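J.:
Protein chains in written order, with the numbering used here: chain V, 695 to 1028; chain A, 893 to 1193.
1) Run through DSSP, which three-state label would residue 912 (chain A) get?
2) State the CB to CB distance for the pair residue 1091 (chain A) and residue 972 (chain A), rounded to an integer number of angstroms; the pair is presumed to be in contact (CB under 8 angstroms).
3) Cβ closer than 8 angstroms: which chain A residues qualify as neighbours of residue 751 (chain V)?
4) Does the beta-carbon of residue 1074 (chain A), which I'm using as the reference point, lie nearer than 7 angstroms to any heavy atom of the ligand HEM?
5) Please classify residue 1012 (chain V): is it buried, with 16 or more other beta-carbons within 10 angstroms of its beta-carbon, or exposed?
6) Below 8 angstroms, can you find three or more Cβ-Cβ pairs linking the stretch 921 to 934 of chain V to the stretch 783 to 795 of chain V?
7) Determine the DSSP secondary structure at residue 864 (chain V), reduced to helix, strand or coil.
8) Using 8 angstroms as the limit for Cβ to Cβ distance, is residue 1174 (chain A) near chain V?
9) So for residue 1029 (chain A), helix, strand or coil by DSSP?
10) Which residues in the same chain have their Cβ closer than 6 angstroms to the Cβ of residue 1076 (chain A), if we skip the five residues on either side of it in sequence?
11) Would you list the one or two residues that DSSP bridges to residue 1086 (chain A)?
12) Looking at the structure shown, is residue 1251 (chain A) part of a helix, part of a strand, or coil, going by DSSP?
13) Run through chain V and tell me which residues come within less than 7 angstroms of residue 1083 (chain A), C-beta to C-beta.
14) Do you know whose CA, among A:1188, A:1105, A:1187 and A:987, lies nearest residue 669 (chain V)'s CA?
15) Give the interface partners of residue 923 (chain A) over in chain V, defined as CB-CB distance under 9 angstroms, in chain order.
16) With 8 angstroms set as the bound, which would you pick, yes or no: does the beta-carbon of residue 971 (chain V) sit closer than that to a beta-carbon of chain A?
17) Which residue from V:890, V:746, V:832 and V:769 puts its Cα closest to that of residue 1029 (chain A)?
18) Cα-Cα, which of V:854, V:894 and V:775 is closest to residue 997 (chain V)?
19) Quickly, what does DSSP pair residue 744 (chain V) with across the bridge? List them, please.
20) So, under 8 angstroms CB-CB, residue 1052 (chain V) and residue 966 (chain V) are touching, yes? Tell me the CB distance rounded to an integer number of Å.
21) With a cut-off of 8 angstroms, does the C-beta of residue 975 (chain V) fall near any C-beta of chain A?
22) Going along the chain, which residues of its own chain have a beta-carbon closer than 8 angstroms to the beta-carbon of residue 864 (chain V), five neighbours each way excluded?
23) Return no unless some Cβ of chain A is closer than 8 angstroms to the Cβ of residue 901 (chain V).
24) Is it buried or exposed for residue 1022 (chain A), if we count other Cβ within 10 angstroms and need 16 for buried?
25) Residues of chain A with a CB under 9 angstroms from the CB of residue 761 (chain V): which are they?
26) Which residues of chain A have a Cβ atom closer than 9 angstroms to the Cβ of residue 723 (chain V), listed in chain order?
27) For residue 919 (chain V), tell me which candidate among V:850, V:897, V:880 and V:715 has the shortest Cα-Cα distance.
28) Is it buried or exposed, residue 1151 (chain A), if we count other Cβ atoms within 10 angstroms and call 16 or more buried?
29) Can you give me the C-alpha to C-alpha distance between residue 948 (chain A) and residue 936 (chain A), rounded to a whole angstrom?
30) List, in chain order, every chain V residue whose beta-carbon is nearer than 8 angstroms to that of residue 1022 (chain A).
31) Between residue 767 (chain V) and chain A, is the shortest Cβ-Cβ distance under 8 angstroms, so that the two count as touching?
32) Suppose you measure from the CA of residue 1053 (chain A) to the CA of residue 837 (chain V); what does that come to, to the nearest Å?
33) Using DSSP bridges, identify the partner residues of residue 699 (chain V).
34) Looking only at C-alpha atoms, which of V:970, V:994, V:955 and V:827 sits nearest to residue 945 (chain V)?
35) Please determine if the stretch 732 to 744 of chain V and the stretch 768 to 778 of chain V are in contact, where contact requires at least 3 C-beta pairs separated by less than 8 angstroms.
36) Can you give the Cα-Cα distance for residue 1019 (chain V) and residue 802 (chain V), rounded to whole angstroms?
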């Protein structure tokens, strides 16, 4: 009876066991991780994948069995994503991110960082000037949630207490966590808004600067300016830097989408997105660090000198980490 | 599967390093939306479960510490529960998509159900920053429009009607972005250099010629009768045999008998159709080996 079979049927019967083996291995991989496979299985996958790929070519050319071709197409696609997919473990990827990718991406964005800094400073100055003229402006810059009673109606004594005493109602770490999630969301938003050619990003960054300006104007008018700067800058150096970087990431994407240069618009946006996203990964880490500094440092360190010292140390740390000289060519994994 | 025009429109070339085109298919907008709604439902479910746990936990700790309900003092336990809740919600909103798409399957549970996954547009490996970029942009594509819609609901007097309408239009540009390009790219896909493709898990369907070849002796078709149809009709016949629905098979069998002038002596449609399928496939495949692919019945035999 064997002669009665079609050529394509015999082709399928001879190879079916290999395909099924590959399918089974792929099921295993997709359920767990690559570590689910033994060494032998791991070595078998590329061989089986290439065999299935060649079967697919043959089947497309000689077999009219639709079910077979469709099966081989999905099977080889699944195996392709595994064979040519990411290999490095999450840990080693994270180390490379810390050592190389993150600071390199931040350095690549230096122009945008300067622009973002300029927008922040403009926002701050504008807010200060407006509030000096009319204190009512304060309320249009600050969310009552964030102000927590620290507004023009508060007495100098109350404001001073806020700077040096632990808050009465407790809830300090809750507030710090709230600020971290809030700031991270603002940072992510300013990155995402970069897609709209960067204009909304500029508005968001300017608003952030204006909030700082509003606080500065309020405390300076009570003669508590330098104390406020010390209180804010323990975590504020890290936090403001992070938000400025988030703005820079948004600007990079907006600029690439608006003025792609030599590349086509899609490729330019993708290239910009890759750098900007790396920066954003770092921004979230910076905001987490700022949240920790805020939660622990702010009420524990009550001396102005110590506060300024912490602020200076964080500024030095970030400055060196991003822009400091580093050994070349040691870690060119890239 | 017989809807070929649709398939070729969704089909994209991806040449592997071995030089074979994988003919990947782009996920449809409906599949993408379905996957996203599923994921959102999962996130909401987890969020609600977490809130209940946090409430119960806070209550328990407050009860254990004797409920030191001083004026304006928040008990420590309640605060810890609140912090955990806040961080958990933040992680769910931001890390859920990223973590799942970085896994070997490159798909969130919603995407898995819909049989789709994320892939790099250039065919290379999917990079962590691409996944990060495509999901950070969700802020703009989902959460911002949601906030805009909510703004009208809560603080109606603060937001001017016309401004609100403009904001909604502006937001919908980003929400509806995938509908206006061929590859169904979200703004995030565009920035991340990714796209979403279909990789359904398909089992190897039985070969429909298996039943037929055993019956070829009972149905001696002539060459002229086998030349009545081409590949397209063969594939339709394959689908009919796979579904094996009685009335359809009867109609198709009658149609074929009429066309090739065959008088039926048996009354089992499946036997007849599978025999004809096997015979015509053998004929078309042998022509295929000689380099002639007969597209459909209008193509010269």
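By construction, the Cβ of each residue, glycine as well, lies at the ideal position given by its N, Cα and C atoms.
Since the model is a prediction, treat every value here as computed from it, not as a measurement.
T.: From the atom records:
1) coil
2) Actually they do not touch by this definition, with Cβ atoms about 43 angstroms apart.
3) Against chain A, a Cβ distance below 8 angstroms from residue 751 (chain V) picks out 912.
4) Only the bare structure without any ligand can be found here, which leaves the ligand HEM out of the picture.
5) buried
6) no
7) The pLDDT assigned to residue 864 (chain V) is 49, lower than 50, so where the model puts this residue is not dependable; a value taken from the coordinates is nonetheless given after this. It is coil, neither helix nor strand.
8) So, interface residue.
9) coil
10) 918, 921 and 1070
11) A:1012
12) Absent from the model: residue 1251 (chain A). The displayed extent of chain A is 893 to 1193, so no value can be given.
13) For residue 1083 (chain A), the chain V residues whose Cβ falls inside 7 angstroms of its Cβ are 889, 947, 963, 964 and 967, in order along the chain.
14) Since the displayed chain V opens at 695 and closes at 1028, residue 669 (chain V) lies outside it and no answer follows.
15) Result: empty, since nearest Cβ-Cβ is about 15 angstroms, beyond 9 angstroms.
16) yes
17) V:890
18) V:854
19) Residue 744 (chain V) pairs with nothing; no bridge assigned.
20) Given that chain V is displayed from residue 695 to residue 1028, the structure contains no residue 1052 (chain V) and the question cannot be resolved.
21) Residue 975 (chain V) counts as touching chain A.
22) At residue 864 (chain V), the pLDDT of 49 sits below 50, so the modelled position is not reliable; the number obtained from the coordinates is stated separately. None.
23) no
24) With 16 or more Cβ atoms within 10 Å of its Cβ, residue 1022 (chain A) is classed as buried.
25) Near residue 761 (chain V) (Cβ distances below 9 angstroms), the residues of chain A are 893, 1094, 1096, 1097, 1098, 1099, 1100, 1130 and 1134.
26) 996 and 997
27) V:850
28) exposed
29) 18 angstroms
30) 967, 968 and 971
31) Judged by the 8 angstroms Cβ criterion, residue 767 (chain V) is in contact with chain A.
32) Cα to Cα, residue 1053 (chain A) sits roughly 22 angstroms from residue 837 (chain V).
33) Beta-bridge pairing links residue 699 (chain V) to no other residue.
34) V:970
35) Contact holds: three or more Cβ-Cβ distances are below 8 angstroms.
36) Using only the alpha carbons, I get a separation of about 14 angstroms.
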